[in-house]
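**Q** This is the structure, below, for whatever I ask next.
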């Protein structure tokens, strides 16, 4: 039993957090976030050159990491820097999906590693909350092509991507988990329309609509109708990464808030001397420690059976959701007015932390999942 | 709009609380609670002589009160005194049930008013939690009699009662709410067996089992198969009363705890000077005020449509359940070791307050009910 | 005990309802329902509409141009306004400054400022908080030193809501450093167009510009703009705090918003079924609804006690705490109900000239922003921690 | 990072499991599972069984008769014992007094008292708390004044767990009133059979007799019963508090109890279906189960840090807080699962000679009593408030 990182991973973590602290200021981050692209191409390249993608990907995907521990190590650092570049989707999840594709498709994944391509994987739709198998986009075979109709909803980082990877139903079956396939097409494919929106936590999200979009047969990734397990694996890996990102954010918020409690004075003393705030801050500290444990647990069981993986992953995402809201809300409250202002760091971390609850399932969704797996 | 009690009710409330404070000491109460009977016959008679039953019952039942406000006024006082006598069941609920009965049956109810009879109404069974229509006791017609089989579970105050009022299925119908009838039999009817247990909050509870008990046809109360609305009304009235009892207990716990916070010293100052305890005590105060509002609301809507009554009654019982647990647990915690001891008043109030959550539905049960009615 | 409204009160409710049906513009009510900040023109226009009816300051005594409403009438009015998404009357002039002027101002001040409020001649903002003194208001540092017929004011105020529109600000300033901090504070009315005043926007975390910093550098203020006595400002401020509380439970607003939440949750889906049918989500909504139903009675109990005994007592801190917590819970459930789409942030969706895409459901455009913005409600006007201190000391005597 | 146990550790786990299967009597394990207090004989008998195996004080160094277990081995042992409902080894001698004697006692004290602990010659209880000093331990008043070769002890201890069985008590006493309160405290071993000692039962709210008051009137204690130096007792007490924490998270116990809760909730019904299928109840159970799974890792993280760096640091206060809260939540859910039958209170259900009715489900006999009794777990051993103070100061440096 050993709870410390290996020295290689510790070095990677330290390198990344140092880089994010020194070179990746919140000011620059927010500037990039409010640009038309929603993030910074320069930062993307810098992150690639730091070896982040190599650490995230397994050797068979061209990296030399990819263990759950690699993923949580990198993403805790990403959270601590409030990094807004599409590392999660373009580097990690897209590569995982493309590894099931043709050589041509895998080549796109190789270009990602070099920092030269940014495909984006779009899966979720419409008003359904978080169920992975709720796919209604249709892709109908028609001679040498598929005709696609449907909408993928609130896709982060789609602006400026090179390729769109997406899921669609290719046949109706009695089992709603079957009949889903994956495709990759260039973003400029005709018939795609995009509606873009500012995102509350920075950057741009897009709705992308397919209106009788005709795509080549070789756009298919892997086997027709049988993509659900590929999708699940990518999203589960993404969920683990998001949990670690949230942890990195929580640790930063803890530091910011502790510093405020020690320096801000009211009624003549630092407000951290008030017992109520001491106990509330202690509660946050305890909950953040429990969150770290939950994520360690999820990474430990990640390569176990599918049920065990899902169970502990849901436990972690539930914990991240519940504690994330608590940390964001309590830290703002303990700051008072200062916590409400744009110019202060805290709010930006808090916004991202809350919105992580809206990706890949919120605390209620995952509590329900956990209950199913542990019944 | 007027939130104060009428002067008559205020006098009744003051009379009762004065009596319970001066004549009905906790020491005597606990002595009675641990007697074989589980309560005190003398106290029962004193309570009757104070006019409590008259205030609880409508004129058509022989009283001169019975408004929802009468009921919550009396039961808040009963809670404040931690009264253990069977006022709720024998006086209020039994009388309501018997008012639908024959003249002979009504006579028992009249004897209650005089303090001379104590019938007990037993409805709930076995391991089912709180659903009113979950009746499995069978009462089968056989010539001039009914043959009864089944068990009523954890009935308070049955020891020393004169009559047993009970519900049973008299026919199987597709609607599980139909087919239930009510009966009254003398407690000494042969074929009844009793198993008695100490109750954690004082007094005795009994399981009563019917083994081919042969009872007279005229034991039937009201119409065969159609008792569910009578049962519901009695239990709903009982639920309102229990809510008010809980409120009376909460107010006493509040007083006890406030007094402790002001007098107990640690680290050289009264512990009520510690901000954490101030804020926690304030939270209790706020929640108790909200509970009072919930009960006022429930009594205000009590004579409205059945749906509206049930909705606000469930809101009140849910609130009582949630706040009751909070008040009991927090008040013990704020007392520290003292709150854990038998010799100190607090624990006895706390036990009853918690166990009220186990009568007529706990907070989850009633939250679920409320959600149904407000959908 | 009788919780029903009188016939007169019910008739008044109908009048308000009819008035709102006839006068409230759909675009305004849509903005209110999405939590979008109204423009200066929109707010002033609504104030004028109310003033024509005589309802802009209904709770003022008739002699000052009000209707002499009691707390129940004010409650009914606010509830009906909230129910249909009518704009809130800005509190700074009508609920905050006016009661202080009525109680402590000179006849001349009352005669001059109160009619101007009704006419919309002035836009008032509040100058209380300072960077170093939020909850600890008495530690404020902005100074006013007497020079002839003027005070010379120096210092900084912050958290000045809608100060960017204001031409007048009422301030707490330090006129003496003797005695306890509370004893050297005065209440001053200051023209925002005076030389030496600078207003700087302070963006909130949702990106909105609602609050401001106001800087004072040697600002000359005529001594007739002192309210009451010098160094007695703390008394007036406390009086004001008590008056500010009347509508603070936000019962009407929260009722409407829970209704909208339930509607939203019947449109979004969880695993193929309407979200509102999910037992866990339904339980969250039911809990909030019950808390609110209880608060409605608590609110009326405290208000009717205030009706009887003058101004609301320290118990009214309960209303601030519960009102903000329930409102924040509704904010939270609304963004949850939107699932992945909650991330969308288009606060200008209803602006004239907006030509971006439609958003479905439209709540997604603002829900997250509103959630973050409303974290303020447990902070401003005396944070919920301060309210708990008040209850603890003044009610529980701890 | 590797969360798995080593092969040696897994083999040790098997040994413990086999041993428990062979030696633990069903009646004892049933009592433990129902939360029933064991008799003196039952506890001593189990201690003897463990001592024969050499596992009564496994974490002691071998030179004192222990096995030199590390924290992971101790964790495994406790987890396996909890899983099958083996009695807890009473902590007073083995986890509390012994570490103090090993660190601060004289050779003579170690040589005399430690073997007697293993043999079961003494039953130790703890004399810390006093009526006026619970969380504020340093304010204790029991005095010990030196007279020749004795201390004369006067005062009162309270909350003395199982003191009714004890023949020895280790006490914190006041030997000097100079300096800070902490500086005049000494650590004394006192024979309970001395003249002037009176033990009075203190019933807890569930009616049980587990704790006691102990009165000292001119009790003569030989000076060789002083541990370490006079007036240094506070240091030893703090050392002891840190050592007391090792098993305090109660992970193994709570795991077993959640399993039993789920079993119970599959037998009781809500609206005709097993309660465990009710989404709200299932969510409550799942939340607790997740908190516990997280605590299991937090516990191991803190313990393995302790393994590396000596005694567990102030972070171990986390374990006390979470361990008690999770345990209390299980207590609460268990009584909820029993619905109306939770009110039944028959703590003597498993006593030899009990001739009352059977109870179905049997958990009903004790669930409410256990719920109320276990409110103590967030109070004793330094209340959870004190634990939060410790974290706040020692970890967060507030």
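Residue numbers (this note's numbering), protein chains in the order written: chain P, 272 to 646; chain H, 272 to 646; chain E, 6 to 403; chain D, 6 to 403. Note that the Cβ used here is the ideal one computed from N, Cα and C, for glycine as well. Values in this document were obtained by computation on a predicted structure and should not be read as measured data.
Cβ closer than 9 Å: which chain C residues qualify as neighbours of residue 549 of chain P?
**A** Here chain C cannot be found, since the structure's protein chains are P, H, E and D.
**Q** Rounded to whole angstroms, what is the Cα-Cα separation between residue 616 of chain P and residue 297 of chain P?
**A** Translated into the one-based positions of the first chain, residue 616 of chain P becomes position 345. Translated into the one-based positions of the first chain, residue 297 of chain P becomes position 26. Each residue's alpha carbon lies about 7 Å from the other.
**Q** Please confirm if residue 470 of chain P has its CB atom under 8 Å from at least one CB of chain E.
**A** The residue given as residue 470 of chain P occupies position 199 in the first chain. True, the Cβ-Cβ gap to chain E drops below 8 Å.
**Q** Between residue 287 of chain D and chain P, is any beta-carbon pair separated by less than 8 Å?
**A** Locating residue 287 of chain D in the fourth chain gives position 282, where the first residue counts as 1. It does; some Cβ of chain P falls within 8 Å.
**Q** List in chain order: all unbroken alpha helix (DSSP H) runs of 4+ residues lying wholly within the stretch 76-128 of chain E.
**A** Listed in chain order, they are 76-89, 103-109, 112-124.
**Q** Residues in the stretch 276-307 of chain E with C-beta within 8 Å of chain H's C-beta atoms, listed in sequence order?
**A** So the list reads 281, 284, 287, 288, 290, 291, 292, 294, 295, 296, 298, 299, 300, 301, 302, 303, 305, 306, given in the order they occur along the chain.
**Q** Which of the three DSSP states is assigned to residue 377 of chain D in this structure?
**A** By 1-based counting over the fourth chain, the position of residue 377 of chain D is 372. Correct three-state label for residue 377 of chain D: helix.
**Q** Residue 331 of chain D to residue 259 of chain D, Cα distance in whole Å?
**A** Your numbering for residue 331 of chain D matches position 326 in the fourth chain. Your numbering for residue 259 of chain D matches position 254 in the fourth chain. Roughly 8 Å separates the two Cα atoms.
**Q** Quick check on residue 575 of chain P - is its C-beta less than 8 Å from some C-beta in chain D?
**A** As a working mapping, residue 575 of chain P is identified with position 304 in the first chain. Closer than 8 Å: no.
**Q** Decide yes or no for the touch test of the stretch 517-535 of chain H against the stretch 355-362 of chain H: beta carbon pairs closer than 8 Å, at least 3 of them.
**A** The stretch 517-535 of chain H is not in contact with the stretch 355-362 of chain H.
**Q** Can you give me the Cβ contacts of residue 99 of chain E inside the same chain, cut-off strictly under 6 Å, excluding the 5 residues immediately before and after it?
**A** Counting from 1 along the third chain, the entry for residue 99 of chain E is found at position 94. Counting only Cβ-Cβ distances below 6 Å, and skipping sequence neighbours, we find 62.
**Q** Does the count of Cβ pairs from the stretch 467-484 of chain H and the stretch 617-629 of chain H closer than 8 Å reach three?
**A** In short, these stretches touch, since the Cβ pair count reaches three.
**Q** Classify residue 306 of chain E as helix, strand or coil using the three-state DSSP reduction.
**A** The residue labelled residue 306 of chain E in the question sits at position 301 within the third chain. Helix.
**Q** Going by Cα to Cα distance, which pick from H:310, H:583, H:399, H:365 is closest to residue 423 of chain H?
**A** If you number the second chain from 1, residue 423 of chain H lands on position 152. Out of H:310, H:583, H:399, H:365, H:399 has the C-alpha closest to the C-alpha of residue 423 of chain H.
**Q** Can the beta-carbon of residue 391 of chain H be found closer than 8 Å to that of residue 511 of chain H?
**A** Taking the second chain and counting its residues from 1, the one referred to as residue 391 of chain H is at position 120. Taking the second chain and counting its residues from 1, the one referred to as residue 511 of chain H is at position 240. Contact: no.
**Q** Taking only beta-carbon atoms, is residue 383 of chain D less than 8 Å away from chain H?
**A** Taking the fourth chain and counting its residues from 1, the one referred to as residue 383 of chain D is at position 378. Yes, residue 383 of chain D counts as interfacial toward chain H.
**Q** Is there a C-beta anywhere in chain P that falls below 8 Å from the one on residue 265 of chain E?
**A** As a position in the third chain, residue 265 of chain E is number 260, starting the count at 1. Not one chain P Cβ lies under 8 Å of residue 265 of chain E.
**Q** In three-state DSSP terms, what is residue 422 of chain P?
**A** Within the first chain, the letter at position 151 stands for residue 422 of chain P. Reduced to three states, the DSSP call for residue 422 of chain P is strand.
**Q** Just checking residue 229 of chain D against the ligand MG - is the residue's beta carbon closer than 7 Å to any of the ligand's heavy atoms?
**A** This structure does not include the ligand MG; it has no bound ligands of any sort.
**Q** Is there at least one Cβ from chain D nearer than 8 Å to residue 602 of chain P's Cβ?
**A** As a working mapping, residue 602 of chain P is identified with position 331 in the first chain. False, the Cβ-Cβ gap to chain D never drops below 8 Å.
**Q** Taking residue 26 of chain E as part of the alpha helix (DSSP H), name the residues at either end of that continuous run.
**A** By 1-based counting over the third chain, the position of residue 26 of chain E is 21. 12-28 is the extent of the alpha helix (DSSP H) around residue 26 of chain E.
**Q** I think residue 386 of chain H touches residue 329 of chain H, with their Cβ atoms under 8 Å apart; what is that distance to the nearest whole Å?
**A** Along the second chain, one-based indexing puts residue 386 of chain H at 115. Along the second chain, one-based indexing puts residue 329 of chain H at 58. The pair is not a contact, with the Cβ atoms about 19 Å apart (cut-off 8 Å).
**Q** Could you confirm whether any beta carbon from chain P is found closer than 8 Å to the beta carbon of residue 310 of chain H?
**A** As a working mapping, residue 310 of chain H is identified with position 39 in the second chain. Judged by the 8 Å Cβ criterion, residue 310 of chain H is not in contact with chain P.
**Q** What would DSSP say about residue 448 of chain H, mapped onto helix, strand or coil?
**A** For the purposes of this step, residue 448 of chain H is taken as the residue at position 177 of the second chain. Note: residue 448 of chain H maps to coil in three-state DSSP.
**Q** Got a sec? Which residues, its chain only, sit under 8 Å from residue 603 of chain P by beta carbon, not counting five neighbours each side?
**A** As a first step, residue 603 of chain P must be located in the first chain, where it is residue number 332. Same-chain partners within the cutoff: 610, 611, 617, 618, 621.
**Q** Against chain E, with Cβ distances strictly below 8 Å, would residue 372 of chain P count as a contact?
**A** Locating residue 372 of chain P in the first chain gives position 101, where the first residue counts as 1. Chain E contact via Cβ: absent.
**Q** Assuming residue 81 of chain D and residue 18 of chain D make a contact with CB atoms under 8 Å, what is their CB distance in whole Å?
**A** To locate residue 81 of chain D, count along the fourth chain from 1; it is residue 76. To locate residue 18 of chain D, count along the fourth chain from 1; it is residue 13. That belief holds up - the Cβ atoms of residue 81 of chain D and residue 18 of chain D are roughly 5 Å apart, short of 8 Å.
**Q** Please classify residue 600 of chain H: is it buried, with 16 or more other beta-carbons within 10 angstroms of its beta-carbon, or exposed?
**A** What you label residue 600 of chain H is simply residue 329 of the second chain in a count that begins at 1. The residue is buried, with at least 16 neighbouring Cβ atoms inside 10 Å.
**Q** Give me whichever residues DSSP pairs with residue 349 of chain D in a beta bridge.
**A** For the purposes of this step, residue 349 of chain D is taken as the residue at position 344 of the fourth chain. Residue 349 of chain D pairs with H:470.
**Q** Rounded to whole angstroms, what is the Cα-Cα separation between residue 556 of chain H and residue 277 of chain H?
**A** Translated into the one-based positions of the second chain, residue 556 of chain H becomes position 285. Translated into the one-based positions of the second chain, residue 277 of chain H becomes position 6. Those two C-alpha atoms are separated by around 25 Å.
**Q** At 9 Å on the CB atoms, spell out the chain D contacts of residue 635 of chain H, in chain order.
**A** In the second chain, counting from the first residue as 1, residue 635 of chain H sits at position 364. The contacting residues are 275, 283, 285, 286, 289, 341.
**Q** With distance defined between alpha-carbon atoms, name the residue in P:397, P:325, P:464 nearest to residue 382 of chain P.
**A** For this step, residue 382 of chain P is matched to residue 111 along the first chain. For the residues P:397, P:325, P:464, the minimum Cα distance to residue 382 of chain P belongs to P:325.
**Q** What residue ranges within the stretch 188-237 of chain D form continuous beta strand (DSSP E) runs of no fewer than 3 residues, ordered along the chain?
**A** The stretch 188-237 of chain D contains these whole beta strand (DSSP E) runs: 190-196, 202-208, 214-227.
**Q** 8 Å is my cut-off, CB to CB: does residue 93 of chain D come that close to chain H?
**A** As a position in the fourth chain, residue 93 of chain D is number 88, starting the count at 1. With 8 Å as the cut-off, residue 93 of chain D does not count as an interface residue toward chain H.
**Q** Checking 8 Å against the spacing of the C-beta atoms, do residue 77 of chain D and residue 131 of chain D come in under that value?
**A** For this step, residue 77 of chain D is matched to residue 72 along the fourth chain. For this step, residue 131 of chain D is matched to residue 126 along the fourth chain. No, they are not a contact pair.
**Q** Since residue 509 of chain P sits in a beta bridge, which residues does DSSP pair it with?
**A** The sequence position of residue 509 of chain P within the first chain is 238, counting from 1. For residue 509 of chain P, which the question treats as bridged, DSSP gives no partner whatsoever.
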